[in-house]
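>
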Amino acid sequence: MSLKSERRGIHVDQSELLCKKGCGYYGNPGWQGFCSKCWREEYQKARQKQIQEDWELAERLQREEEEAYASTQHPQGAQSLTFSKFEEKKTNEKSRKVTTVKKFFGASSRAGSKKVLAGKLREVQETKAASPISRQVSVETDRVSKDFIEFLKPYHKAGQEIYKQCKLFLEAMHHKRELSIEEQSEYTQDFYQNVADKLHARWKVPPEKVEMAMDQIEKYIMTRLYKHVFCPETTEDEKKDLAVQRRIRALHWVTPQMLCVPVNEEIPEVSDVVVKAITDIIEMDSKRVPRDKLACITSCSKHIFTAIRTTKDEPASADDFLPTLIYIVLKGNPPRLQSNIQYITRFCNPSRLMTGEDGYYFTNLCCAVAFIEKLDAQSLNLSQEDFDRYMSGQASPKKQEAENWSADMCVGVRQMYRNLDLLSQLNEQQERIMNEAKKLERDLIDWTDGVAKEVQEIVEKYPLEIKPPNPALAAIDSENVENDKLPPPLQPQVYAG
Amino acid sequence: MSGQRVDAKVVMLGKEYVGKTSLVERYVHNRFLVGPYQNTIGAAFVAKVMPVGGRTVTLGIWDTAGSERYEAMSRIYYRGAKAAIVCYDLTDSSSFQRAKFWVNELQNFEENCRIYLCGTKSDLLDDDRRKRGIDFHDVQDYADDIKAELFETSSKTGQNVDELFKKVAEDYVQFTSFQEMTEEKGVDLSQKNTPTYFYSCCHH
Chain A
100 MSLKSERRGI HVDQSELLCK KGCGYYGNPG WQGFCSKCWR EEYQKARQKQ
150 IQEDWELAER LQREEEEAYA STQHPQGAQS LTFSKFEEKK TNEKSRKVTT
200 VKKFFGASSR AGSKKVLAGK LREVQETKAA SPISRQVSVE TDRVSKDFIE
250 FLKPYHKAGQ EIYKQCKLFL EAMHHKRELS IEEQSEYTQD FYQNVADKLH
300 ARWKVPPEKV EMAMDQIEKY IMTRLYKHVF CPETTEDEKK DLAVQRRIRA
350 LHWVTPQMLC VPVNEEIPEV SDVVVKAITD IIEMDSKRVP RDKLACITSC
400 SKHIFTAIRT TKDEPASADD FLPTLIYIVL KGNPPRLQSN IQYITRFCNP
450 SRLMTGEDGY YFTNLCCAVA FIEKLDAQSL NLSQEDFDRY MSGQASPKKQ
500 EAENWSADMC VGVRQMYRNL DLLSQLNEQQ ERIMNEAKKL ERDLIDWTDG
550 VAKEVQEIVE KYPLEIKPPN PALAAIDSEN VENDKLPPPL QPQVYAG
Chain B
617 MSGQRVDAKV VMLGKEYVGK TSLVERYVHN RFLVGPYQNT IGAAFVAKVM
667 PVGGRTVTLG IWDTAGSERY EAMSRIYYRG AKAAIVCYDL TDSSSFQRAK
717 FWVNELQNFE ENCRIYLCGT KSDLLDDDRR KRGIDFHDVQ DYADDIKAEL
767 FETSSKTGQN VDELFKKVAE DYVQFTSFQE MTEEKGVDLS QKNTPTYFYS
817 CCHH
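First to last, the sequence lines map onto chains A and B. Straight run, no breaks: the first sequence in this note's numbering ends on number 596. Straight run, no breaks: the second sequence in this note's numbering ends on number 820.
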């Protein structure tokens, strides 16, 4: 009985395998029973809807934020104009919303509104978990927006103005999406310049605060723009990323000695710091705000300095730093290196990029990448032949070095080099054998050819002729008439007796 | 996070071992050490605040790698620099030839960058005059030609080091205030690379 039911369980009707839409193709449970084509259509539809919903939600949140902001800026009554307008608009809407909004405006203090916001956030997160498309990004964007509003509060009127400017800018950027990335970059740079000027001249914000505000503005707008302007399809950035990545992979054999890196990784503290530096530079790709990316580069650089200092016991100069950075980049092969550099160049606040400490390290990184791209035999003090052999993987510089400082090397590595040696010897031997075999083959062919030729010659020289039988010889038998005269051959006879 | 605001970028150029790093080290920390250094993790980038005529200027001093293998990349470094200190070793004439190379580059690609020629290790000449690798008057003529200031410094004794950087800062202030005077009105949006705010106060 159980066997039977099991069978039934396994058994699938032909029709169940087909696409749910009935287009005649087979479906796939991974695509909810649709065939690939129908699933794509369905998915697109769902996605569109999703985007629509996201957009609405974002707008709603936006509105609420702005209102929350307005309410905290103008505590009850004082600025009732916008407020009352808003009330009118809202009363026409659904009651649920009104209550939420009322909560925002209730004199109940910020804590209350925060709670509501937190609730909203949770709501967003829940829907995110349920939906197939991740909403991670929008959650982060919301968080950044809130931080930004929070940050702008002490700036009072100027803060409000800044917020408005940012909104306008973002909207304008939305319409500029079709333009080339350079134009978008230029527009963004102009925006930075404008806002900085206004902060300084019109709103009389003290300089340290201008700096802070600019950082926050950059964070706010770039979090929103990131996905559109980072490694955009209209540029060659992605191609360049891949090229650099391949290049770095091909250069895996470059040793610290070749680059004159003043870092000794055999010291445990140094190798720890080197790992940290590599982690930092790799982490850069995960950040969205240019300034955060710069911070990763700076942190990486600081670790490099520590490594150099631990090794050399004197402060690092640029002559030490740059090679080490090149080495770290080669070792780490950070993802999307070119895209990140381009993105920072295009969208970072220029005052930070051009002069400050972050700018210095960023410039060095650009330089390191340029060096890696152009790197040739000369820049590593190698001969062209060696360089070519290392590039093609025919030889490894590590092996030769291993012979020099093999004393304190770990057993496994030594064994590996020994094996490599053995392998290359075997390789040589095999090559020799192959050559010999080929020679033998050639000899054999030559030999058979030679023999055939010889035979041919002989055959030509002494052609085989079949002559008619010699009559004289033939006559011996036929014309031997005297045979008859011979006595008959003796016959055995039986004698009776 | 390293958030110190910097007014002007000053880039150090020069062949390897001419003493760029020592010069910066002497200027910023007022020392010349042969033995182990303390408390500095690196002298590759330094921001130094200078009082100039009642206000302060923060110079961001960029050390560069002098090795010839990085020569092709040097342009990336001096982009947007307000001043370049081109160093050469007073006892090594080849280093002066290299200095000329950078001067050329700067003149061609970075017009707004002021050039300061700096002969280093002058203390070595005090011991033995004959060690001088290149005639002072030749260099002076060259400096006049390219409209550059000329300094002969010693990071060991500190001779002329402060004077050099002071001059850099003063020239910068003079130049920018002159610029502010001439373009009083309006904001030139095309000039993105110049820091737009300039104050007499600096958080430290």
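We put the beta carbon where it would ideally sit given N, CA and C, even for glycine.
1) Quick one: does residue 632 (chain B) have its CB under 8 angstroms from some CB of chain A?
2) State whether the segment 352-367 of chain A contacts the segment 446-456 of chain A, with contact taken as three or more CB pairs (one from each stretch) at a distance under 8 angstroms.
3) Could you tell me the alpha carbon to alpha carbon distance between residue 333 (chain A) and residue 772 (chain B), rounded to whole angstroms?
4) If we cut at 8 angstroms on Cβ distances, does residue 319 (chain A) have a partner in chain B?
5) Skipping 5 residues on each side, what residues in its chain have a beta carbon closer than 6 angstroms to that of residue 749 (chain B)?
6) Between which two residues does the alpha helix (DSSP H) carrying residue 681 (chain B) extend?
7) For residue 661 (chain B), go through chain A and note every residue whose CB falls closer than 8 angstroms to its CB, in chain order.
8) How would you write the range of the alpha helix (DSSP H) that residue 318 (chain A) sits in, first residue to last?
9) Please classify residue 380 (chain A): is it buried, with 16 or more other beta-carbons within 10 angstroms of its beta-carbon, or exposed?
10) Across the segment 416-431 of chain A and the segment 254-269 of chain A, are there enough close Cβ pairs to call them in contact, namely three or more that are closer than 8 angstroms?
11) Quick one: does residue 835 (chain B) have its CB under 8 angstroms from some CB of chain A?
12) Along the chain, where does the alpha helix (DSSP H) that runs through residue 383 (chain A) open and close?
13) Using CA atoms only, rank isn't needed, just tell me which of A:341, A:433, A:276, A:463 is closest to residue 328 (chain A).
14) Between residue 629 (chain B) and chain A, is there a C-beta pair that is closer than 8 angstroms?
15) Output, in sequence order along the chain, the residues in the segment 667-700 of chain B whose CB is closer than 7 angstroms to any CB in chain A.
16) Skipping 5 residues on each side, what residues in its chain have a beta carbon closer than 7 angstroms to that of residue 625 (chain B)?
17) With three or more C-beta pairs closer than 8 angstroms as the rule, is the segment 364-383 of chain A touching the segment 396-413 of chain A?
18) Take every Cβ of the segment 455-473 of chain A, pair it with every Cβ of the segment 319-327 of chain A, and state whether three or more of those distances are shorter than 8 angstroms.
19) Quick check on this structure: which residue in B:685, B:663, B:666, B:645 has the alpha carbon closest to the alpha carbon of residue 359 (chain A)?
20) Once the 5 residues before and after residue 598 (chain A) are set aside, which same chain residues still bring their CB inside 7 angstroms of it?
21) I need the straight-line Cα distance from residue 621 (chain B) to residue 674 (chain B), nearest angstrom please.
22) Please list, in chain order, the chain B residues whose beta carbon lies closer than 7 angstroms to that of residue 49 (chain A).
23) Is any beta-carbon of chain A found at less than 8 angstroms from that of residue 622 (chain B)?
24) So for residue 672 (chain B), helix, strand or coil by DSSP?
25) With a threshold of 7 angstroms on Cβ separation, who are the neighbours of residue 403 (chain A) within its own chain once the five nearest residues in sequence on each side are excluded?
26) Can you have a look at residue 361 (chain A) and say buried or exposed, based on whether 16 or more other CB atoms are within 10 angstroms of its CB?
27) Within 10 Å of its beta-carbon, does residue 736 (chain B) have 16 or more other beta-carbons around it, so buried, or fewer, so exposed?
28) Taking the alpha carbon of residue 265 (chain A) as the point to measure from, which residue in A:320, A:285, A:304 has its own alpha carbon closest?
The short version:
1) yes
2) no
3) 55 angstroms
4) no
5) 707, 708, 709
6) No alpha helix (DSSP H) contains residue 681 (chain B), which DSSP labels as neither H nor E.
7) 456, 459, 460
8) 306-328
9) buried
10) no
11) Look at the range of chain B in this structure, 617 to 820, and you will see that residue 835 (chain B) is not part of it.
12) Unbroken run through residue 383 (chain A): none, as it is neither H nor E.
13) A:276
14) no
15) 676, 678, 679, 680, 681, 682, 683, 685, 686, 688, 689, 692, 693, 696
16) 676, 678, 696, 697, 698
17) yes
18) no
19) B:685
20) No answer is possible for residue 598 (chain A): the residues shown for chain A start at 100 and end at 596.
21) 7 angstroms
22) No answer is possible for residue 49 (chain A): the residues shown for chain A start at 100 and end at 596.
23) yes
24) strand
25) 376, 420, 423, 424, 427
26) buried
27) buried
28) A:320
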